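What follows is a short report on a single structure.
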Amino acid sequence: MPPIYYFLLGSAFVFGACIGSFLNVCIYRLPEGLSVVSPRSRCPQCGHQILWYENIPILSYFLLRGHCSQCGVSFSLRYLLVEALTGGLFLSVLYHFGFTWGTPVYMLFVSGLVAITFIDLDHQIIPDVISLPGIILGFAASFLLPWVDWIDSLLGILLGGGLLFAIAFGYEFLTKKEGMGGGDIKLLAMIGAFLGWQAVFPIIFIASLAGTLIGVPLMLFSRSDGKYVLPFGPFLSFSALVWLFFGPDLLTFYFDLFGLN
């Protein structure tokens with residue numbers, strides 16, 4: 478491959494890391510109802526305003542050794558993780574979709590999934606300010622993407638949101654307990670908008686499988702007697718990424734496994 482190709486992939490990673498830096502702000506401020514635009518980032522311990530050269534994605538974390546330059550309090554490793562993860566996802570999107578409309582569309586999509594994942598892990602909520610505009614943007618993007626037309630996107634919204642709503646309603650009706658929040662329903666509707674209705678059932682299956690494999694050991698380890706609260710949003714987001722990058726390969730593997738070709 479020509480050197481320019483690797484330069485563009487590297488540029489996608491750097492751009493993604495910069496977006497990841499902004500996502501860190503969103504992850505911290507959105508659940509608190511704070512503006513993501515102002516004021517500028519500050520140290521939560523001493524209030525020191527983070528200078529521009531202290532806020533270079535990934536690089537500044539290592540240069541400052543993960544500590545505030547003024548008071549020395551340590552910053553969470555999550556800041557570095559979010560920046561590196563978003564950079565890696567942007568690189569993967571460009572590598573997978575090339576120079577098509579799919580690249581900016583799915584860069585926006587994965588950014589939303591990253592923010593939702595970490596907010597849900599911290600607060601067990603999925604902000605409507607991300608999922609609801611995401612549904613609209615996903616549907617609008619279907620007019621640009623040759624592999625997800627507007628009918629597939631619309632059906633994805635209805636099926637994704639409707640299916641989880643039915644499951645949540647049925648669970649609550651039978652057990653008199655809330656088992657799934659409305660945020661998960663809107664998230665799957667957003668995923669359906671971007672990926673189409675064909676992705677909904679596989680994503681639910683993958684998310685449920687991953688949730689079981691991780692949730693059961695956590696419940697046993699925590700000795701919570703089945704009451705351990707494990708947000709479902711991160712598993713839906715993970716499954717959406719799996720489908721985004723490997724969906725056709727997974728279908729081929731499934732059909733080959735059961736001789737359905």
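Sequential numbering of the sequence shown, starting at 478, is according to the working numbering. Just so it is clear, CB atoms sit at the ideal spot from N, CA and C, and this is done for glycine as well. Everything numeric in this text was worked out from a predicted model, so none of it was measured.
So, for Phe620: in the same chain, excluding its five sequence neighbours on each side, which residues have a beta-carbon less than 7 Å away from its beta-carbon?
Trp627
- Task: Report the three-state DSSP secondary structure of His544 (helix, strand or coil).
- Result: strand
Here's the rule I'm using: 16 or more other beta-carbon atoms within 10 Å means buried, otherwise exposed. How should Ile681 be labelled? buried
request  = Could you check what DSSP says for Arg519 in three-state terms: helix, strand or coil?
outcome  = strand
Alpha-carbon to alpha-carbon, Gly673 and Pro610:
17 Å
Practice item. Pull up the CB-CB distance for Ala717 and Ile668, whole angstroms please, since I reckon it's below 8 Å. Key: 5 Å
_For Gly589, which residues in the same chain have their Cβ closer than 6 Å to its Cβ, ignoring the five residues on either side in sequence?_
Ile607, Gly611
Simplified DSSP state of Ser630, which is helix, strand or coil | helix
Check the C-beta distance from Leu664 over to Val677 and give it rounded, since I have them as a contact under 8 Å. Not confirmed; about 12 Å, so no contact.
Would you check if the region 560–572 and the region 496–505 touch, i.e. whether three or more CB-CB distances between them fall below 8 Å? yes
Requested in this report: Run the CB neighbour count on Pro516, radius 10 Å, all protein chains shown included, and call it buried at 16 or more, exposed below.
Outcome: exposed
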